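K.L.:
Quick one: structure below, then a few questions.
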Amino acid sequence: MTPTEIAAFVGGTLRRDGSAQIGFVTAVHAANETHAAWFSGKPDLTGRKPSDAQWQALADSGAGVLLLHESVTGNLPPNAALIDCANPGLAAAKLAQRFVGVVPPSQPGVHPSAIVDASAQIGQDVSIGPGCVVEAGAHLDDGVVLQSRVSVGANAKLGKGSYLYSGVVVYHDVELGAACVVHSNSVLGADGFGYSWSGSRHEKVPQTGGLVIADGVEIGACSAIDRGTFEPTQIGMGCIIDNHVQIGHNCQIGAFVVLCGQVAIAGSTVIGDGAILGGRSGSGGHCRIGAGVQMAGLSVAFSDIPDGAIVAGAPAVDAKLDMRGRAILRKMARKRGRA
Amino acid sequence: MTPTEIAAFVGGTLRRDGSAQIGFVTAVHAANETHAAWFSGKPDLTGRKPSDAQWQALADSGAGVLLLHESVTGNLPPNAALIDCANPGLAAAKLAQRFVGVVPPSQPGVHPSAIVDASAQIGQDVSIGPGCVVEAGAHLDDGVVLQSRVSVGANAKLGKGSYLYSGVVVYHDVELGAACVVHSNSVLGADGFGYSWSGSRHEKVPQTGGLVIADGVEIGACSAIDRGTFEPTQIGMGCIIDNHVQIGHNCQIGAFVVLCGQVAIAGSTVIGDGAILGGRSGSGGHCRIGAGVQMAGLSVAFSDIPDGAIVAGAPAVDAKLDMRGRAILRKMARKRGRA
Amino acid sequence: MTPTEIAAFVGGTLRRDGSAQIGFVTAVHAANETHAAWFSGKPDLTGRKPSDAQWQALADSGAGVLLLHESVTGNLPPNAALIDCANPGLAAAKLAQRFVGVVPPSQPGVHPSAIVDASAQIGQDVSIGPGCVVEAGAHLDDGVVLQSRVSVGANAKLGKGSYLYSGVVVYHDVELGAACVVHSNSVLGADGFGYSWSGSRHEKVPQTGGLVIADGVEIGACSAIDRGTFEPTQIGMGCIIDNHVQIGHNCQIGAFVVLCGQVAIAGSTVIGDGAILGGRSGSGGHCRIGAGVQMAGLSVAFSDIPDGAIVAGAPAVDAKLDMRGRAILRKMARKRGRA
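For the record, the sequence lines run as chains W, D and L. Residues in the first sequence are numbered consecutively from 15, following the working numbering. Residues in the second sequence are numbered consecutively from 15, following the working numbering. Residues in the third sequence are numbered consecutively from 15, following the working numbering.
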């Protein structure tokens, strides 16, 4: 793509044209004339501003095209085409998607080693790779891809264009929406952890509620989302879920929720739209985490959290309060150390 | 089942008969006349009493049969049959088991795509699903079910009626008792984390001790229980183990122990019968957690915990002491915030 | 092996000869005359000295050979041959390796049920077990073993003699060094957790950077190491990585690093050689954990940690400071409790 084509594609403004032909996106310091690279000049997610070394790497970049925020000026490489974008990182993401897609290429068809029950319904252009197993009554909509060694349980439904990497297990009756991506060895719809002590043993409460995952959800590797007891566990549209995430039975997760690595959501938790849960945070169960809540890494909700709150600690409380408590304790410890 | 039949089955007392024919169990608010539902009126596991909304849902329930504690009276739906039970939740669990069992149905036989070594011993009515692998010398007792893509290592033993969901891996020499259930992608008997630093590299200590799991144990998805170094890791009868649980080498877990999601038990920990470990709690290893101990979520034992103790925090201490410490710190932080 | 042969093999000194023929290594209390056992007399990893019971077990041991530190004298079993070793645990590890190796035996060849793409390059004496899938362009060097149901993605490279247990998934383009061991259901090279919020959805940042793992790395069960965004995630030589470990995209882990169970390293973390991260510790991302750092279990780095530091807590600080803070809080809580 030429700089002009890229500017049009990302909705940016060509600050300075160039002759480069761009074939991919990479980091500023690694780019050559066939690459686009991006630089926003803004603090990163952890609040850190770009370092001097990062500004220098920008100045020295060999990129053919630089996607920049308009505020990024000064010492820029003389030969790069420059495109101003409201959100350079987003522009780079869309451009990279344009070049390589979001999943590996696949070919329609059922591999001869796959075991597909005769009663399963298989849509157009579905790709079922080696060693996959599709049980009775399962329904794979058009364009679904099962990479290799994926198991799809009886009567499960997989929506249009969803991509399941090797080793994923989808239990019976689970419904996965369209355009979802599930990474390897994750498990969708295993039994929730429900028992009743009889006086002599833990009697299992059969988990018959199922699991319904909406469209556009991406799930990382080795994560597990349990089916509900009587009614389905639900995951809303466009959620992004990292590796080793555990979601208990009967949870209702809203749309576009972010669950980082090792998050654990105990049973019957409700999470509002757009909440962001940092690494290894979670819920103790039976509470509501409001829409737009931001939970710091390691924090755990043991009671309801209002919409939009920013919380930290376990039990999770106002993040500033938590931070103040830690600071007080550290100060006392330092003082004692000097005494 | 009629109300009378259900009362007999659960050992309850028919408080009020009805004409319903019951085919399944569900939640009070979702039930219709073909459903049984239950309500205990007691606080839930987190200590919360039923809310006004839950009492209202009971009053409005369309259930054909309600399983109630005898103390639940007042505003009850006029058409439901009522059965008094000492433990309505337990009665509902047993009734649900009666209708749907605790695992999906399966058919005996070896799927043609399964690879079963000629030297493996396969009992009566065993079901080995598509893509399973059973190595040399393995022994599957009567009624064992391997759902799909399960690997059973050399000389492993699986007890009568145990059910292994898709993707489970059982290492060589592991012994699993009767009537166990193992959910997808869990790993039984991988090497413990044992090394000795040579001065230039970590020399592996071969892990030859095996793993012995007793009868009636249920294990969730994506959990890993390691084999012992010289002697077997042991899991006692009737334990219930949730998702993403990690149990290190040489651990000895007693009977009916409860390990909630993301619990991690480091090597050589001993846990007494009936202990309950909350979500993401665990042990730092080489200590004893007594019988009947209750560990709060997130707490971690770094030294022995006496039988029956209720502990919290990391290191785990008396739960009240831990709570008091947190309260003091929060109070100081609030005070400072106002200053 | 005779005592003399063992002394030569482990580089120890025969303190007292004996007539035993040794066939394996086991624990002091479980050993008979065909076993070697070891005892260092030193505190274990948690700082605990051997107990009286352990000294008694040594005195009562039926082992044919005892591997001892020269400082271990006094009440020793009269019939055992005694070998002095600078590091008896290390000697025992090497001796056990000599008897049983570090992985189970395997036979070269491709199982008929394995699916190996015609364009894959397969070295000498490679063993590809039942149900394995090897995609186009993959390269398996001499002596690689895929146990059963392993998936190797397109163009992935597996180094000489590496052993992958059942259920492992290696994504496309991943490079694994020589003599690595990967336990069941671990996932190498899944997409990093990279998105950019568009104002209406999380746009995925394609993860094209790959993953490069050096020689001699061992990885436990159910762990996940993500591929980089633009440049590879890197794992250094001889690292040992336990179960349920999560390593985010763009991390650079040095040589011989120890990552215990449930460690989570968020994206773009750099870890120096020889660092040791205790159970469930980790990094919040975008920071550097120095060479030789020791992080206590549960501690999490949110900023750089200098080489050689010993840290604890979250955020991780000097371990003594953290301990002092905890002690102060517990003391206040005890005082309040008595008041």
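Virtual Cβ for every residue (Gly too), placed ideally from N, Cα, C. Values in this document were obtained by computation on a predicted structure and should not be read as measured data.
If you draw a straight line from the C-alpha of serine 210/L to the C-alpha of serine 200/L, how long is it?
P.N.:
Residue mapping note: residue 210/L aligns to position 196 of the third sequence, counting from 1. Residue mapping note: residue 200/L aligns to position 186 of the third sequence, counting from 1. Each residue's alpha carbon lies about 27 Å from the other.
K.L.:
Along the region 187–213 of chain W, what residues have a CB closer than 7 Å to any CB found in chain D?
P.N.:
Per Cβ criterion, the list reads Asn199, Val201, Ala204, Asp205, Phe207, Tyr209, Ser210, Ser212.
K.L.:
Using a C-beta cutoff of 9 Å, does glutamine 68/L count as contacting chain D?
P.N.:
The sequence position of residue 68/L within the third sequence is 54, counting from 1. Glutamine 68/L does not count as touching chain D.
K.L.:
Given a cut-off of 9 Å on the beta-carbon distance, is the pair isoleucine 303/W and valine 284/W in contact?
P.N.:
On the first sequence, residue 303/W is found 289 positions in, with the first residue counted as 1. On the first sequence, residue 284/W is found 270 positions in, with the first residue counted as 1. Going by C-beta atoms, isoleucine 303/W is nearer than 9 Å to valine 284/W.
K.L.:
Between valine 39/W and chain L, is the shortest Cβ-Cβ distance under 9 Å, so that the two count as touching?
P.N.:
The residue you call residue 39/W lines up with position 25 of the first sequence. At least one chain L Cβ lies under 9 Å of valine 39/W.
K.L.:
Residues in its own chain within less than 7 Å of glycine 94/D by CB, not counting five upstream and five downstream?
P.N.:
Stepping through the second sequence from its first residue, residue 94/D is reached at position 80. The question names glycine, yet the displayed sequence has alanine at residue 94/D. Result list for alanine 94/D: Gly32, Ser75, Ala77, Gly78, Val79, Leu80, in chain order.
K.L.:
Can you pull the chain L neighbours of leucine 343/D, defined as C-beta to C-beta under 8 Å?
P.N.:
Here residue 343/D corresponds to residue number 329 of the second sequence, with the count starting at 1. Here the neighbours are Leu343.
K.L.:
At 8 Å on the CB atoms, spell out the chain D contacts of histidine 300/L, in chain order.
P.N.:
Taking the first residue of the third sequence as 1, we reach residue 300/L at position 286. Neighbours of histidine 300/L on chain D: none; closest Cβ ~24 Å, over 8 Å.
K.L.:
How would you write the range of the alpha helix (DSSP H) that leucine 109/W sits in, first residue to last?
P.N.:
Locating residue 109/W in the first sequence gives position 95, counting from the first residue. Segment 102–114, the alpha helix (DSSP H) holding leucine 109/W.
K.L.:
Can you say whether glutamate 19/L is buried or exposed, counting buried as having 16 or more other CB atoms within 10 angstroms of its CB?
P.N.:
One-based indexing of the third sequence puts residue 19/L at position 5. Looking at its Cβ environment, which holds fewer than 16 other Cβ atoms inside 10 Å, glutamate 19/L is exposed.
K.L.:
Which residues does DSSP list as the beta-bridge partners of leucine 96/W?
P.N.:
Within the first sequence, residue 96/W is the residue found at index 82, counting from 1. Leucine 96/W is bridged to Arg30/W, Leu80/W.
K.L.:
What does proline 246/D touch in chain L if you count any residue whose Cβ is under 8 Å from its own?
P.N.:
By 1-based counting over the second sequence, the position of residue 246/D is 232. Simply none; closest approach about 11 Å.
K.L.:
What does isoleucine 267/L reach in chain W if we use C-beta pairs closer than 7 Å?
P.N.:
Stepping through the third sequence from its first residue, residue 267/L is reached at position 253. Result: empty, since nearest Cβ-Cβ is about 16 Å, beyond 7 Å.
K.L.:
At the level of alpha carbons, what is the spacing between leucine 28/D and threonine 16/D?
P.N.:
The residue you call residue 28/D lines up with position 14 of the second sequence. The residue you call residue 16/D lines up with position 2 of the second sequence. One C-alpha to the other measures close to 11 Å.
K.L.:
Okay, do the region 140–153 of chain W and the region 112–125 of chain W touch, 3+ Cβ pairs below 8 Å being the bar?
P.N.:
With a cut-off of 8 Å, the region 112–125 of chain W and the region 140–153 of chain W count as touching, because enough Cβ pairs lie within range.
K.L.:
Determine the chain W residues that contact asparagine 46/D at a beta-carbon separation under 7 Å, and present them in chain order.
P.N.:
In the second sequence, counting from the first residue as 1, residue 46/D sits at position 32. What asparagine 46/D touches in chain W: nothing, since even the nearest Cβ is about 12 Å away.
K.L.:
Which whole-angstrom value is the C-beta distance of valine 86/L and phenylalanine 38/L, which I expect to be below 8 Å?
P.N.:
The residue you call residue 86/L lines up with position 72 of the third sequence. The residue you call residue 38/L lines up with position 24 of the third sequence. That belief does not hold up - the Cβ atoms of valine 86/L and phenylalanine 38/L are roughly 21 Å apart, past 8 Å.
K.L.:
Phenylalanine 270/W versus chain L: which residues are under 7 Å apart at the beta carbon?
P.N.:
Taking the first residue of the first sequence as 1, we reach residue 270/W at position 256. Simply Arg215, His216.
K.L.:
Step through the CB atoms of chain L and report whether any lies within less than 9 Å of the CB of cysteine 253/D.
P.N.:
Numbered from its first residue, the second sequence carries residue 253/D at position 239. No, because no Cβ of chain L sits closer than 9 Å to the Cβ of cysteine 253/D.
K.L.:
Using the DSSP secondary-structure output, state which residues sit across from alanine 278/L in a beta bridge.
P.N.:
Residue mapping note: residue 278/L aligns to position 264 of the third sequence, counting from 1. Gln260/L, Gly296/L, per the DSSP bridge assignment.
K.L.:
How about phenylalanine 53/L: is its C-beta nearer than 9 Å to some C-beta of chain D?
P.N.:
As a working note, residue 53/L is residue 39 in the third sequence. No - not a single Cβ of chain D is within 9 Å of the one on phenylalanine 53/L.
K.L.:
Within the same chain, show all residues whose beta-carbon is closer than 6 Å to that of glutamine 308/W, passing over the 5 residues directly before and after it, in chain order.
P.N.:
Within the first sequence, numbered from 1, the residue matching residue 308/W stands at position 294. So the list reads Ile290, Ile324, once near-sequence residues are dropped.
K.L.:
Can you find a C-beta in chain L that's less than 9 Å from the C-beta of phenylalanine 113/W?
P.N.:
Against the first sequence, residue 113/W aligns to sequence position 99. It does; some Cβ of chain L falls within 9 Å.
K.L.:
Judging by CA-CA distance, which residue of Ile239/W, Leu190/W, His216/W is the nearest neighbour of aspartate 287/D?
P.N.:
The residue labelled residue 287/D in the question sits at position 273 within the second sequence. Ranking the options by Cα distance to aspartate 287/D, first place goes to His216/W.
K.L.:
Kindly indicate which residue of Val42/D, Gly61/D, Phe23/D, Arg30/D has the alpha-carbon position closest to the one of cysteine 301/W.
P.N.:
Looking up residue 301/W in the first sequence gives position 287. Considering only alpha carbons, the answer is Gly61/D.
K.L.:
Under 7 Å Cβ-Cβ, which residues of chain D neighbour aspartate 58/L?
P.N.:
Counting from 1 along the third sequence, the entry for residue 58/L is found at position 44. Going along chain D in sequence order, the residues near aspartate 58/L (Cβ under 7 Å) are His300.
K.L.:
Using the Cα positions of glycine 25/L and cysteine 99/L, report the straight-line distance between them to the nearest angstrom.
P.N.:
On the third sequence, position 11 is the one that residue 25/L refers to. On the third sequence, position 85 is the one that residue 99/L refers to. Roughly 7 Å separates the two Cα atoms.
K.L.:
Measuring CB atoms only, is the region 211–231 of chain L touching the region 245–258 of chain L, in the sense that at least three cross pairs come out at less than 8 Å?
P.N.:
A contact exists between the region 211–231 of chain L and the region 245–258 of chain L.
K.L.:
Check threonine 18/L in the structure and name its three-state DSSP category.
P.N.:
In the third sequence, residue 18/L corresponds to position 4, counting from 1. Reduced to three states, the DSSP call for threonine 18/L is helix.
K.L.:
Tell me whether glycine 322/D is buried or exposed, calling it buried when 16 or more other Cβ atoms sit within 10 Å of its Cβ.
P.N.:
Translated into positions along the second sequence, residue 322/D becomes position 308. Result: exposed.
K.L.:
Rounding to the nearest angstrom, what Cα-Cα distance links serine 313/W and histidine 125/W in this structure?
P.N.:
Within the first sequence, residue 313/W is the residue found at index 299, counting from 1. Within the first sequence, residue 125/W is the residue found at index 111, counting from 1. Answer to the nearest angstrom: the Cα atoms are 45 Å apart.
K.L.:
In chain D, which residues lie with their C-beta within 7 Å of the C-beta of cysteine 236/L?
P.N.:
Translated into positions along the third sequence, residue 236/L becomes position 222. Per Cβ cutoff of 7 Å: Val201, Cys236, Ala238.
K.L.:
Going by the DSSP bridge assignment, what does histidine 153/W pair with across the sheet?
P.N.:
The residue labelled residue 153/W in the question sits at position 139 within the first sequence. Answer is Gln135/W, Lys171/W, bridged to histidine 153/W.
K.L.:
On the three-state DSSP scale, how would you describe isoleucine 342/W?
P.N.:
Numbered from 1 along the first sequence, position 328 holds the residue referred to as residue 342/W. Looking at isoleucine 342/W - three-state DSSP - the assignment turns out to be helix.
K.L.:
Judging by CA-CA distance, which residue of Phe113/W, Glu232/W, Gly242/W, Gly55/W is the nearest neighbour of histidine 49/W?
P.N.:
In the first sequence, residue 49/W corresponds to position 35, counting from 1. That would be Phe113/W, whose Cα lies nearest to the Cα of histidine 49/W.
K.L.:
Buried or exposed for aspartate 205/D, please, with buried defined as at least 16 other CB atoms from any protein chain shown within 10 angstroms of its CB.
P.N.:
For this step, residue 205/D is matched to residue 191 along the second sequence. Per the 10 Å Cβ criterion, buried.
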